[in-house]
Amino acid sequence: MSALSSAASLVPETAAPLVLALPKGRILAECGPLLQAAGIAPAADCLDEDSRRLRFETNDPQLDVVRVRPFDVATFVAFGAAQIGICGADVLMEFDYPEIYAPLDLRIGGCRVSIAEPVEQAMQDDPARWSQVRVATKYPNIARRHFAARGVHADIVHLNGAMELAPGLGLSRLIVDLVQTGSTLKANGLAEVEVIADVSSRLIVNRTALKTRPEEVSALISRFRHALAAGQSA
1 MSALSSAASL VPETAAPLVL ALPKGRILAE CGPLLQAAGI APAADCLDED SRRLRFETND
61 PQLDVVRVRP FDVATFVAFG AAQIGICGAD VLMEFDYPEI YAPLDLRIGG CRVSIAEPVE
121 QAMQDDPARW SQVRVATKYP NIARRHFAAR GVHADIVHLN GAMELAPGLG LSRLIVDLVQ
181 TGSTLKANGL AEVEVIADVS SRLIVNRTAL KTRPEEVSAL ISRFRHALAA GQSA
């Protein structure tokens, strides 16, 4: 072992900065004011979707930020690559990682997980009469649990995007997808027929990190809690 490797192995794990995982896409812009209220100032290009960087320093030398796909935030935190993160409740529902603790509803990124079908079909269809359906979705676990609870057999077609195309091309009868305004559904001739769950973004924490670095992680949670309280009183 080289002297450099030997020295590195003596550096305690807690000396490394904590890592906060943020989601790319629509929620990222909403994270900016929340981070500012929590006293966290990441590098200027962190909230710029055009930036090719993925890891960013902050005004706190003991905190770095990484920017990943929304579905990956929960995985980074569950496996300890990031100790804390922000992700939608839909992701938590889909993966249900036991390693994750979600102490705060951040009240950003509001939307819903819904069932949709072609408008013409929806005008004649009665969801209460469904017994077997084929569903295209990027949420196979959420969809399967929802339909099973209603006694409906669901044949799940797992897609990562473009769910709205599935009914028109004969791939599925229904879709289960994230809906914010409904404009994408409308543009593709679909109608929202049932809401499975309302969704907002949550602050999530790795349970092991909360035990091994309790003061640092708890301090970060407190900063977000105070930011939320300040927003309510404003």
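Take the sequence shown: its letters are residues 1 to 234, numbered as in UniProt numbering. From the three backbone atoms N, C-alpha and C, an ideal C-beta is built for every residue, glycine too.
With 16 or more other CB atoms across the displayed protein chains lying within 10 angstroms of its CB, valine 65 is buried. Setting aside the 5 residues that flank it on each side, alanine 136 is surrounded in the same chain by Val157, Leu159, Met163, Ala166, Leu171, Ser172, Ile175, each with a C-beta closer than 7 Å to its C-beta; the list follows chain order. Among the bridge pairs identified by DSSP, proline 42 is matched with Thr58. Within its own chain, the residues whose Cβ lies closer than 7 Å to the Cβ of glutamate 194, once the five positions on either side in sequence are excluded, are Ser114, Ile115, Pro127, listed in chain order.
Put simply, of Gly151, Arg144, Val119, Leu190 the residue whose alpha carbon is nearest the alpha carbon of arginine 129 is Gly151. Looking at the DSSP output, glycine 80 sits in no beta bridge, so it has no partner there.
Residue ranges of uninterrupted beta strand (DSSP E) with 3 or more members, entirely inside the stretch 133-196 and ordered along the chain, are 153-158, 174-179. Considering only Arg213, Leu20, Arg55, Val119, the residue with the shortest C-alpha distance to glycine 182 is Val119. Per DSSP, the beta bridge partners of proline 118 are Leu190.
Distance from the CA of aspartate 60 to the CA of glutamate 94, rounded to the nearest whole angstrom, comes to 32 Å.
Sorting Ala227, Val217, Arg213, Ala122 by C-alpha distance to the C-alpha of leucine 185 places Ala122 at the top.
Assignment of beta-bridge partners to proline 23 by DSSP yields Val68.
Contact between valine 205 and proline 103 holds, since their C-beta atoms are separated by about 6 Å, short of 8 Å.
Between arginine 134 and glutamate 30, the alpha-carbon positions lie close to 35 Å from each other. In this structure, the CA atom of arginine 207 is about 44 Å from the CA atom of leucine 169.
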